[in-house]
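Below you'll find the structure, written out as structure tokens, and then a few comments.
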Amino acid sequence: WYLIFTKTFANWLEAKHAKAFLAKFRDVDSLEQLNHLVSHSKSDNAFANLAKEGMNALRSAGSFGSQKLAVAGGMSEFMTRAIRNGIDQESARSENGLTILASAGSASPYIGLFGTVWAIYHALVNIGLSGQGTLDKVAGPVGEALIMTAIGLAVAIPAVFAYNAFNRRNRMWLAKLDAFNSNQPQAKAEINVVPLVDVMLVLLVIFIITAPLLTHSVKIDLPKESNMPNITKPEYVDLAVKEDGTLYWNGEIVPKESLP
1 WYLIFTKTFA NWLEAKHAKA FLAKFRDVDS LEQLNHLVSH SKSDNAFANL
51 AKEGMNALRS AGSFGSQKLA VAGGMSEFMT RAIRNGIDQE SARSENGLTI
101 LASAGSASPY IGLFGTVWAI YHALVNIGLS GQGTLDKVAG PVGEALIMTA
151 IGLAVAIPAV FAYNAFNRRN RMWLAKLDAF NSNQPQAKAE INVVPLVDVM
201 LVLLVIFIIT APLLTHSVKI DLPKESNMPN ITKPEYVDLA VKEDGTLYWN
251 GEIVPKESLP
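With full-length UniProt numbering applied, the sequence shown covers 1 to 260.
The structure is reproduced here in structure tokens:
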């Protein structure tokens, strides 16, 4: 984040100085005025540095002589090489810090993923030792483990966007320098859209790891078979007693000997 802010501010300041220099450069009528303008410009002004390279090449060409200039390809070729060298230097200077952003954007998600896997491993070990695998016991440690992934993404996503933005700015900047060198219209801007494939892959891996942990079962007690015998509805019973004391059971006489 510090590199993104500092480089953004430096690019804004450089563009501001370049705009002021170009506004004054259009009113220059002589080499003396150009020399005065270049000498009073900031050192980070790329257009002033190119003008300075051209003036130095012009002074050096006077001491070369016509024969050496002919071997070098003539005055025009000599000046073109000098200014092209200045453009290459500005291109190298504008790429400062991009390697760090590229490394952070590509490596941070995997570093965060490694920390997440390591934390999930220890969380599962502790859960196994405790013997409780319910959701409230799993969600806490796994949620803490995902903080490492969040930190990795917080570093990687801004780094990727900043890297693409700075690359686009550098292409635009070099196109302006080429146009200033050759007095040709500057190249049109190109939109560079790079999908965050690495980030999406990390999110997919995290989902695959954590989905089984967040899935819990609900224990249901099914009714058990009772040991008591089945009680069926008794059949219809016809019991009658006559006046003489004779007992009838479903129409049949019950012997008095069987009675208690």
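Glycine residues also receive a C-beta, built at the ideal position from the N, C-alpha and C atoms.
Item to check | T246 versus P255: straight-line alpha-carbon distance, rounded | outcome: In the sequence shown, counting from the first residue as 1, residue 246 sits at position 246. In the sequence shown, counting from the first residue as 1, residue 255 sits at position 255. Inter-residue distance for T246 and P255 is about 8 Å (C-alpha atoms, whole angstroms).
Checklist entry - Does the beta-carbon of W118 have 16 or more other beta-carbons within 10 angstroms, so that it is buried, or is it exposed? => result Working through the sequence shown from its first residue, we reach residue 118 at position 118. W118 counts as exposed, since fewer than 16 other beta carbons sit within 10 angstroms of its beta carbon.
Checklist entry - Would you report the Cα separation of K24 and S91, rounded to the nearest angstrom? => result Here residue 24 refers to the residue found at position 24 of the sequence shown. Here residue 91 refers to the residue found at position 91 of the sequence shown. Between K24 and S91, the C-alpha separation is close to 24 Å.
Checklist entry - Should L101 be labelled buried (16 or more other beta-carbon atoms within 10 Å of its own) or exposed? => result The residue labelled residue 101 in the question sits at position 101 within the sequence shown. With 16 or more Cβ atoms within 10 Å of its Cβ, L101 is classed as buried.
Checklist entry - So K19 and G97 are in contact, right, with Cβ under 8 Å, and what is the actual spacing, rounded? => result As a first step, residue 19 is located in the sequence shown; it is residue number 19 there, counting from the start. As a first step, residue 97 is located in the sequence shown; it is residue number 97 there, counting from the start. That belief does not hold up - the Cβ atoms of K19 and G97 are roughly 23 Å apart, past 8 Å.
Next on the checklist: On the criterion of 16 or more Cβ atoms from any shown chain inside 10 Å, does F9 qualify as buried, or is it exposed?
Outcome noted: For this step, residue 9 is matched to residue 9 along the sequence shown. Exposed, because fewer than 16 other Cβ atoms sit within 10 Å of the Cβ of F9.
Checklist entry - With respect to the alpha helix (DSSP H) encompassing V125, which residues constitute its N-terminal and C-terminal limits? => result Along the sequence shown, one-based indexing puts residue 125 at 125. Looking at the DSSP string, the run of the alpha helix (DSSP H) that includes V125 is L98 to S130.
Checklist entry - Short check: CB of T116 to CB of A156, under 8 Å? => result Counted from its first residue, the sequence shown places residue 116 at position 116. Counted from its first residue, the sequence shown places residue 156 at position 156. No. Outside cutoff.
Checklist entry - Sorted by chain position, which residues of the same chain lie with C-beta nearer than 7 Å to L22's C-beta, five sequence neighbours on each side aside? => result Indexing the sequence shown from 1 puts residue 22 at position 22. So the qualifying residues of the chain are F47.
Checklist entry - According to the Cβ coordinates, are Y163 and G105 closer than 8 Å? => result The residue you call residue 163 lines up with position 163 of the sequence shown. The residue you call residue 105 lines up with position 105 of the sequence shown. The answer is yes: Cβ separation under 8 Å.
Item to check | Alpha-carbon spacing of T215 relative to I147, whole angstroms | outcome: As a position in the sequence shown, residue 215 is number 215, starting the count at 1. As a position in the sequence shown, residue 147 is number 147, starting the count at 1. Confidence at T215 is low in this model, with a pLDDT of 49, below 50, so the placement of that residue is unreliable and no value is reported for it.
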